[in-house]
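Letter 274 of the sequence shown, counting from 1, is numbered 273 in numbering that gives the first Met the number 0, and no numbers are missing.
Where a beta carbon is used, it is the ideal one built from N, C-alpha and C, also for glycine.
This report refers to the structure that appears directly beneath it.
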Amino acid sequence: MCGIVGYIGKREKREFLLDGLRELEYRGYDSAGIAVLHQNEINYFKAGGKLDNLIEKTKDFRSIGFGLGIAHTRWATHGKPTEINAHPHWGEFSFVIHNGIIENYMEIKKELQSEGVVFLSQTDSEVIVHLFEKFISQNLTPQIAFEKTVQSLKGAFAVLLISKVASETIFFAKNAVPLILGKSSIDEIFFGSSDAPLIGFADEVTYLEDGTYGWANKEEIQIYKGSQKLKPVFKPLNTSKIYAQKDGFRFFMEKEIYEQSAVASETLMGRIKDDKVFLEELNGYDFNDIDEIKICACGTSYHAALTSSYLFERLAKIRCSVEIASEFRYKEPLLDKKTLFLVISQSGETADTLEALKMAKRAGLKTLSICNVDNSSIVRLSDATILTRAGIEKGVASTKAFATQVLSLWLLALHVAKFNNNISDEKCTSEIKAIRGIPAVLKVDEEIHEKLHRLSKRYLHGHGFFFIGRDIFFPLALEGALKLKEISYLHAEGYPAGEMKHGPIALADSTLFTVALMPQNMLYDKTKSNVEELSARDATILAISPKEFVLADDFIKTQPYEHPMSEFFEMMVITQLLALEISIRLGNDVDMPRNLAKSVTVE
Ligand code: AGP
């Protein structure tokens, strides 16, 4: 995900901006750039790949004395991760950096092109700087020109713009993407897409509201919302770097759970238009000769795979089998060239998954990967990749990576369904309507979080947990149990609800905790009967459902969503928070649980 840094003051600009970008590296990016305005001259540098490339390019550049600068790390969405698509983008005399997406950029771009403006990049962001300069050419003041520019934009954006027509000012705008403005006692002004680059420099900060824009220079900071001038509320900035990286959350895992709504929007960005799925990565990828999908993965990624197997068969009407990569490798599998081999991996480096992919390639199968890390081994080896765009996941227990894997797989299932003409337009439209709603579903409900915090104290002992569910809620039960066991070290199992009576029910007593996933849109009555069987044997039941359930010992009421996948994502957040709260109560290191590594590069 993109990062933004901005500065006005006497400090050496290059060093401050590059250090700031370094603080944002954890968000993930594929190119970077800076622009510095000093004595009415603008110097700019851009580089693809890691920040070190930009550091190397700027090594002889210094900017001493009063001036201003903007800096950006880009995670490609519109246009490839090339140097020309890196930010800043420029016009004749102005430079811009932007996070987010300008939904109406095509309209604006066409209009500007018809007026003779030449675009250099494939990005949506470049329209901002040209639009600003167009308004300047109409003899508007820089402030009015910027205001009119912002009013023309639709979508999500955090924008910083500098221009020779106002050589001591940074113009800024914020809507649905974070942007922070800070100041110091020595008349410096700072901008950041999170606190991290500002720590140790700014004394106080204001977290800009959605729909605001304005300008800052050494004389004034003006912030507007619509035509209304706002009085910014500045708060002291915490001085701990690690606190800043966690945005005030206790653990990275907690932050990542709360980030899921935003990263789901990133996953979907540019991939749904006019009720159709557009997976640019699959342009020219032919599913005609494919009659089966085989998925290989490990751990959480395996659970995403299992979830998607229901979607592939149900929506795309294509056979789908799922295998744990370490099992697949040694079973001497029979592979057929009409099978698409799909691997799923957050890191893209998991040894077993990578080796399974190599086996499939050797057997001549068409391959595809769902991955969070561009340029990872799995991405490089696959014929094509759908990047999940979750940003760097620091917590060992995977949360936002899982959410974005499932969302990407849902898009893929619809893409295949459409390709093979196996889905009606009405069905496709209703699926896309549900998909569009997922970022909202993923917003953490603070009341539910608080309730789980209180409930967690009752679940610290006992002889184990069963997470149970049916259909797609079975892999979610597996994932809920994995989350709990890896960070709490309590024994937990995921089980198909209908399977309990074939053995595990023998364990049922009051100290067996059952987390029952009871969605209203997926086999509710069947699941309910299975939970009643457990309740009759005195198991302690934590029911998660939109429907009241009288036999529940504890109950988390969910929203009455109409689509089972919406219920899936809401329940996913609840099981993640349950694991988190139990683990915190037990005093465990949530982000670095014992015996586990984030990337498992050994078999
Ligand atoms: C889940 O919380 C774990 N971190 C683990 O199961 C993980 O999903 C597994 O090791 C696979 O990793 P990958 O997605 O990077 O391939």
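Return yes when at least one heavy atom of the ligand AGP lies under 6 Å from the C-beta of residue i, else no.
i	result
Ser-582	no
Thr-574	no
Ala-396	yes
Gln-621	Residue 621 is absent from the structure shown; the chain starts at 0 and stops at 602.
Thr-72	no
Thr-352	yes
Ser-300	yes
Val-372	no
Ser-375	no
Val-262	no
Cys-295	no
Thr-623	In the structure as shown, the chain begins at 0 and stops at 602. Residue 623 is therefore absent and cannot be evaluated.
Val-276	no
Ser-344	yes
Ile-232	Sequence inspection shows Val at residue 232; the Ile mentioned does not correspond to that position. No; taking the cut-off as 6 Å, the Cβ of Val-232 has no heavy atom of the ligand AGP nearer than that.
Val-164	no
Val-599	yes
Just to confirm my understanding: we take residue i, look at its own chain, exclude 5 residues before and 5 after, and list those with CB closer than 6 Å. What are they?
i	result
Ser-375	Gly-347 and Glu-348
Glu-258	Lys-399
Arg-318	Glu-291
Pro-196	Val-4, Gly-19 and Glu-22
Cys-370	Ser-344, Gly-347, Ile-377, Val-378 and Thr-384
Phe-568	Ile-437, Val-440 and Leu-441
Gln-221	Gly-213 and Trp-214
Ala-507	Leu-533, Arg-536 and Ala-538
His-452	Glu-580
The alpha helix (DSSP H) that contains residue i, what's its start and end?
i	result
Ala-535	523-535
Lys-133	125-136
Ser-300	298-314
Tyr-257	251-257
Thr-574	563-584
Asn-216	Note, Asn-216: premise wrong, no alpha helix (DSSP H); not H, not E.
Ser-376	376-380
Leu-20	12-23
If I measure Cβ to Cβ from residue i and keep anything under 7 Å in the same chain, skipping five residues before and after, which residues do I get?
i	result
Val-176	Asn-98, Gly-99, Ala-155, Phe-156 and Ala-157
Asp-288	Lys-337
Ile-63	Glu-11
Lys-456	Arg-584
Ser-300	Ile-343, Ser-344, Gln-345 and Gln-404
Ile-447	Ile-555 and Ile-573
Ala-470	The amino acid at residue 470 is misidentified as Ala; the sequence shows Asp. Around Asp-470: Tyr-309, Met-521 and Leu-522.
Phe-15	Tyr-6
In the DSSP assignment, the beta strand (DSSP E) including residue i goes from what residue to what residue?
i	result
Asn-421	Where Asn-421 is concerned, there is no enclosing beta strand (DSSP E), given that its DSSP letter is neither H nor E.
Ser-30	30-37
Gln-112	Gln-112 -> not in any beta strand (DSSP E); alpha helix (DSSP H) instead, spanning 104-113.
Leu-229	227-229
Cys-660	Past the edges of the chain, shown from 0 to 602, lies residue 660, and the structure says nothing about it.
Ala-515	511-516
Ser-120	Segment: none, Ser-120 is in no beta strand (DSSP E) and carries neither H nor E.
Ser-544	539-544
Contact check, residue i vs residue j under 8 Å by CB: the rounded distance?
i	j	result
Leu-413	Cys-427	6 Å
Glu-146	Tyr-104	With 8 Å as the limit, Glu-146 and Tyr-104 do not qualify as a contact, their Cβ atoms being about 19 Å apart.
Ala-538	Leu-511	5 Å
Pro-235	Glu-203	5 Å
Asn-420	Ile-467	Wrong, their Cβ atoms sit about 37 Å apart, outside the cutoff.
Pro-87	Gly-47	Going by Cβ atoms, the distance from Pro-87 to Gly-47 rounds to 14 Å, so no, they are not a contact pair.
Leu-36	Gly-66	6 Å
Ile-540	Ile-555	Actually they are not in contact, since the Cβ atoms of Ile-540 and Ile-555 sit about 11 Å apart, beyond 8 Å.
Thr-72	Tyr-28	4 Å
Ala-31	Ile-69	The pair is not a contact, with the Cβ atoms about 12 Å apart (cut-off 8 Å).
Who are the near neighbours of residue i in its chain, counting only those whose CB is closer than 8 Å to its CB and skipping five residues on each side?
i	result
Cys-297	Ile-323, Ala-324, Ser-325, Ser-344, Thr-349, Asp-351, Thr-352 and Val-599
Asn-520	Tyr-560, Glu-561, His-562, Pro-563 and Glu-566
Phe-250	Gly-394, Leu-579, Ile-583, Val-589 and Asp-590
Would you say the beta carbon of residue i comes nearer than 6 Å to a heavy atom of the ligand GTP?
i	result
Ile-107	The ligand GTP is not part of this structure, which contains only the ligand AGP.
3-residue-minimum beta strand (DSSP E) runs that sit fully inside the region 39-84, ordered along the chain: Along the length of the region 39-84, whole beta strand (DSSP E) runs at least 3 residues long occupy 40-47 and 66-73, reported in chain order.
Unbroken stretches of the beta strand (DSSP E), 3 residues or longer, contained in the region 147-183: If we require 3 residues or more, the beta strand (DSSP E) runs fully inside the region 147-183 come out as 154-162, 169-174 and 179-182.
Segments assigned beta strand (DSSP E), at least 3 residues, entirely inside the region 427-500: For secondary structure counted as the beta strand (DSSP E) over 3 or more consecutive residues, the region 427-500 holds these complete runs in sequence order: 463-468 and 491-495.
Report the residue ranges of all beta strand (DSSP E) runs contained in full by the region 307-359; include only those spanning at least 3 residues, in chain order. The region 307-359 contains these whole beta strand (DSSP E) runs: 318-323 and 338-344.
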